[in-house]
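Protein chains in written order, with this note's numbering: chain C, 15 to 555; chain H, 241 to 344; chain B, 0 to 224; chain F, 862 to 1197.
Just so it is clear, CB atoms sit at the ideal spot from N, CA and C, and this is done for glycine as well.
Everything below concerns the one structure shown next.
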Amino acid sequence: MITAAAQEREHYLNASYGLKSWLLTKDHKRIGLLYLATITLFFFIGGAFATLIRVELLTPQGDLVSSETYNKLFTMHGVMMIFFFLIPSIPAVLGNFFLPMMIGARDLAFPKLNLLSWYLLVVGGLFSLYAMLAGGVDTGWTFYTPYSTTYSNGYVIATALGIFIAGFSSILTGLNFIVTIHRMRAPGMTWFRMPLFVWAHYATSLIQVLGTPVLAVTIVLLFLERVFHLGIFDPARGGDPVLFQHLFWFYSHPAVYIMVLPSMGVVSEIISTFSRKAIFGYRIVAFSSVAIAVLGFLVWGHHLFVSGQSLYAGMVFSFLSYFVAIPSAIKVFNWTATLYKGSISFQTPMLYALGFIGLFTIGGLTGLFVAALGIDIHVTDTYFVVAHFHYIMVGGALMGYLGGMHFWWPKMTGRMYPEGWAKLSALVIFLGFNLTFFPQFILGYLGMPRRYHVYPPEFQVLNVLSTAGASVLAVGYMIPMIYFIWSLRYGKEAPANPWGATGLEWQTSSPPPVHNFEETPVVTHGAYDYASLMAEEAEVG
Amino acid sequence: MSHPPEQTHIDSVGTYVKILLALLVATAVTTAVSRVDLGAFSTVVALGIACVKMLLVALFFMHLRHSTKLTRLVVLGGLLWLAILLLLTLTDFATRGILGVPGK
Amino acid sequence: MADHAPTETLALRVQFDTEAQQKDAATLGMWLFLITEIMFFGGMFAVYTVYRSWYPDVFAIASSSLNEIIGALNTGVLLLSSFTMVLAVRAGQLGQQKAIVMFLILTLLFGGVFLGVKAYEWNQKFEEHHIPGQAAFHLDGVLPGDQGHAQLFFSIYFAMTGLHALHMVIGVGILLILIVQARKGRFSASYYTPVDVAGLYWHFVDIIWIFLFPLLYLIDRHLVK
Amino acid sequence: MGKFQLFPVQASTLAPEVDHLLYFLLAVTVFFTVLIFGAIFYFAIKYRRRSENELPHVQHTGYTLEILWSVIPFGITMVMFTWGASIFFTASKPPNNAIQIYAVGKQWMWKLEHLEGQREINELHIPVNTPVRLTMASEDVIHSFFVPAFRTKQDVVPGRYSTTWFTATKPGKYHLFCAEYCGTNHSGMIGWVYAMEPMDYQNWLSGGAAEGSMAETGKKLFEQLACNNCHKEDNSGRGPNLVGVFGKQVQLAGGGVVTADEAYFRESILQPQAKIVSGFEPVMPTFQGLVTEEQLVQLVEYVKSLGPKPGTGPVDNGQKPAPKKSSNAGSTPANR
């Protein structure tokens, strides 16, 4: 069982107890765990909506819920999953916890601002939960006008206010990260010795800081038009609903990179650790993260190809959309090249990382379909697009998140998760995911529109397959939830560096002390220098 | 450590007074100029004067002159992203109707 | 060092190594926040640009319904408040306690005057039935078919000046807190960061008004004699 | 109903073109997916960790490889872009000989109207092998006219006209969907497009219980709304004579010239003062709220039916010759 020595050594978890020590903590590690609890709750709420949607779509007729309710289900599924799970997930949990440790800092630059960010997410989440319980909103997570401003009678304002507040949590986290990375690196930690996880979060923070405010002003304008009848997007007074779409997608496309870039950072760490080899083309992979963040701001018009945007703007945005595909392709090639001549071991984090590369490749390549103007006419607003973005969000971002959770769980809690169950759930999730979303590509090209409560009978077989997959996926997600909690009590005692990884966070104890390091580390070698790590362990061992 | 040495350069009150006067004069000028018919050029002049005032406030009042290179880079980045938002949005609104097909 | 947190002063928080590093981080943090504000107002400038390019004449008539003399004077008031704010920061750099308090109060007063004039202008608009969304909306000089486009202008006018005023109110709140702290002698030559950072915010809100004034008040005034 | 299918039927001239681009993209996707999955499995098996303290020798970064796998994918994507853009261009420009049909999207139904007067709800009969041009308007929120078999989709934004066109190639009955979320019954706003042999189409047209062509209905409306008090054919009215105006360049008061297309007439009925013909007073009242989108398209059809009288010179509709000024008509907001 647990040795006495480990028990009394002080670390960030047993340094202080009580509700106040958690709700008023300024420790970035504790705030990371607070975020973990919050977004796990939001994930399962969003997942419940997804399950209801898939069960409804078992039959062509709308026989489980009314159309009104179905529209609220897919809207709240979108809102909860995107704004309250995917956007905060890795930056808020793993980023908050490990970014300071990876660059040798004692904490983020603005700890109180970090705690405020968590409260903003919680308050925003409560507003959205209130909107759901009070009656729900049925505008889709995109809130297109004039439906959202004049025709919808759902709780648009409460949900929009929730997203508005949660948006500031994202902005302030991004701001905190950028200042920390610029100003608080340990001695010797130059830009090109930083782990790629930190590079990915630097790029993500750029998007959070530069993009989210435009969503905030769009929500304010929507609020002004719906409540005070100001005529900003109102076609009757000469306004243009397409202008709302421009402002909305200016943020919402870069937002998909906020969701996937941190996962790319996690995968870079995991692939390198479990191949015991430096990432192939470290600088290229680092710069490709920043390139994705920058180019991600030039492409939003590919959401508007058939929505009334001019032909020439469509061509400009389609052309630019192909530029943003290149850095993602480069990353996939570099990860695969890292495996070459490595010493690969297959613990659970590695399974999730390899799963990420496979599914993200399919997700990314189908992105080339929807960026081609000719094909997008046919597939936009159909299940082809639904499948594309689920391959990136669930196949990519969520797999990366789970991989990161398994990779750093020993460091966060001082406990090992059960390897057998973890591998099983990874496999179940991979199979369930593909069974759920691959049929949707076919459904989409067949022409089944998205957000349909009722569909023609010839689409039923593929929908039944997709629902079957969804139930497997739901089971797959439940298993980690159970054994992670189980491991807190009964998990094996975790050593400081269970995987033989090279990051600074692995050079301190598990779980780490309150100020991360006994004394600030001095960095002398590159990011993934396994040779000197093995040499040091040989000396100590 | 990677942070630059901070030399607090303190400007004289005289400098600030000069800047204030310049700003007030610029405000008067832009108000007066708006009455003169410069055709499409009047917007350019109005924006030009506003940019000059912005530079005065930013460089002197916000001490951008003494700030680190990083701070200046951040400011440039912000203005560049504002330009991205405006220009790419205008690629749509400026080219509507050229094809002669309603709605394209 | 591990068992108890090192003693922490205002000028040197535990997570920083040197005071210069902390001050640098605060300045960089505020500038990044100001970038988010540029993008926040940027969204509305995009809406303004599109609709003014579509309805230039109606915008010119609507713009000339605003009193540009009051607008110009109000801009002057705001520039004065920026001037006193930068003097407050300078006093902070020199550690002159009483000067900090005096200039902050002056800045607060000018800010209050600006908001007062703004309230008067809005009330003026209310009486002239220029409130968009109201049935009684009517802008004379504009034909019945184009009243909708005039409502667009005033929607943008109220959205932009309203959000700018909201930022002014937040600024006034920050100034009040700083005045209270300054009177307690919390700031010195080595620790005046809050005043400096509040100054950056205040000057930024001034810059937004520097663009709002010509774009809203001075559109093609020559067109409409 | 339809048997289980894995690929949508190709029923328009656009469908094969889109599908060829799809096959190219599918080929690229399969190639790279097999390449990546294959490499991962091969490396995973070949370089699996043999012993605990095994240390692979460090490998330098090969920039040539990096350049290779960024330039080649970029080249492929540029092919995708140009191919997609060319299809998009043809799909955006309706041919001139297309027959005109009007569609009005209203919360949760499609109302379609043929020039000859046939009106249909959620059904559209069209002849095969003849280009059909749909001019669409929405009465409330954004809808989207989507026919999967034709591979065409176009959002219908309220406040202006939108255009889509297609040429059916195979007679048959094809799904019509609304593809932009528009409220409670969004999934009910569906219907059928019947592509028929030209002969059958003509019989259907004449057989239909139409009470007169759109132009005739428009004429009745023109009189009911007393438009003819001002728009007289002998140029004596206070409004411009509308005979032969459609499609011509119209001189505007205060300079500027605009093409008198559907959008111009629709805007002039709803916001008469937006574009005043030179030499006329802005006295026309607005009909905003008095006429529905359907009536608007009928009035536009009536004006189009007042074709140019053979042999008359440039449009003589009582226009006072206005000084020729350099016009910046260009992209007027009329058809924004």
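Check	Outcome
Neighbour list for M198 (chain C) in chain B, Cβ cutoff strictly below 8 Å	Q14, F15, Q20 and A24
Residue nearest to L238 (chain C) in terms of C-alpha spacing, selected from B:P131, B:A149 and B:N122	B:P131
Same chain only: Cβ atoms within 8 Å of K1181 (chain F), ignoring 5 sequence neighbours per side	Because the pLDDT at K1181 (chain F) is just 39, under 50, the model does not fix this residue reliably, and the value given afterwards should be weighed accordingly. So the list reads S1139 and G1140, once near-sequence residues are dropped.
CB of Q968 (chain F) within 9 Å of CB of V940 (chain F), strictly	no
Which of helix, strand or coil DSSP assigns to V1176 (chain F)	For V1176 (chain F), the predicted model reports a pLDDT of 43, less than 50, meaning its position is unreliable; a value from the coordinates is still stated below. Looking at V1176 (chain F) - three-state DSSP - the assignment turns out to be coil, as it is neither helix nor strand.
Cβ neighbours of Y415 (chain C) in the same chain (closer than 6 Å, five flanking residues each side left out)	S103 and I104
Length of the line joining the Cα atoms of D251 (chain H) and Y216 (chain C)	35 Å
Closer than 9 Å to chain B by CB, T331 (chain H)	no
contact_flag[the region 180-191 of chain B, the region 277-296 of chain C] where n(CB pairs < 8 Å) is 3 or more	no
Residue(s) in a DSSP beta bridge with A1056 (chain F)	F:I987 and F:G1033
Positions along the region 946-957 of chain F whose CB lies within less than 7 Å of some CB in chain H	S953, K954 and P955
Contacts that G253 (chain C) makes with chain B (C-beta to C-beta distance below 7 Å)	L151
N-terminal and C-terminal residue of the beta strand (DSSP E) that S999 (chain F) is part of	P992 to S999
Assigned exposure category for C1088 (chain F) - 16 Cβ within 10 Å defines buried	buried
Bridge partners - E974 (chain F), DSSP secondary structure assignment	F:Y963 and F:R980
Burial state of I1060 (chain F) (16 or more Cβ within 10 Å)	Residue identity check: residue 1060 (chain F) is Met in the sequence provided, not Ile. It counts as exposed.
Closer than 9 Å to chain F by CB, V341 (chain H)	yes
Closer than 9 Å to chain F by CB, L142 (chain B)	yes
Beta-carbon contacts of N85 (chain C) that lie in its chain and below 6 Å, excluding the five residues immediately before and after	D152
Distance CB(T156 (chain C))-CB(D248 (chain C)) smaller than 9 Å	no
Neighbourhood of L50 (chain C) by C-beta distance below 6 Å, restricted to the same chain and skipping five residues each side	V107
Cβ-heavy atom distance, L502 (chain C) to the ligand GTP, below 8 Å	In the structure shown, the ligand GTP is absent, as is every other ligand, since no ligand is present at all.
Cutoff 9 Å: A45 (chain B) Cβ touching any chain H Cβ	yes
Any chain C beta carbon closer than 9 Å to K258 (chain H)	no
Under 7 Å from the C-beta of I324 (chain H): neighbouring residues of chain C	F311 and L312
Delimiting residues of the beta strand (DSSP E) encompassing T1024 (chain F)	S1023 to T1028
Same chain only: Cβ atoms within 6 Å of P956 (chain F), ignoring 5 sequence neighbours per side	P992
Closer than 7 Å at the beta carbon, the chain C residues around D1016 (chain F)	V320, S321 and G322
The region 32-48 of chain B in contact with the region 120-137 of chain C per 3-pair CB rule at 8 Å	no
Any 3 or more C-beta pairs closer than 8 Å across the region 297-306 of chain C and the region 393-408 of chain C	no
4-residue-minimum alpha helix (DSSP H) runs that sit fully inside the region 35-87 of chain C, ordered along the chain	42-70
Between the CA atoms of E1041 (chain F) and L1160 (chain F) - distance to the nearest angstrom	28 Å
Under 7 Å by beta carbon: chain B residues contacting P1019 (chain F)	Result: empty, since nearest Cβ-Cβ is about 13 Å, beyond 7 Å.
Helix, strand or coil at F211 (chain C) according to DSSP, with G and I counted as helix	helix
For S1200 (chain F), the first and last residue of its enclosing beta strand (DSSP E)	With chain F running from 862 to 1197 in the structure shown, residue 1200 (chain F) is simply not present.
V1111 (chain F) in three-state terms, based on DSSP	strand
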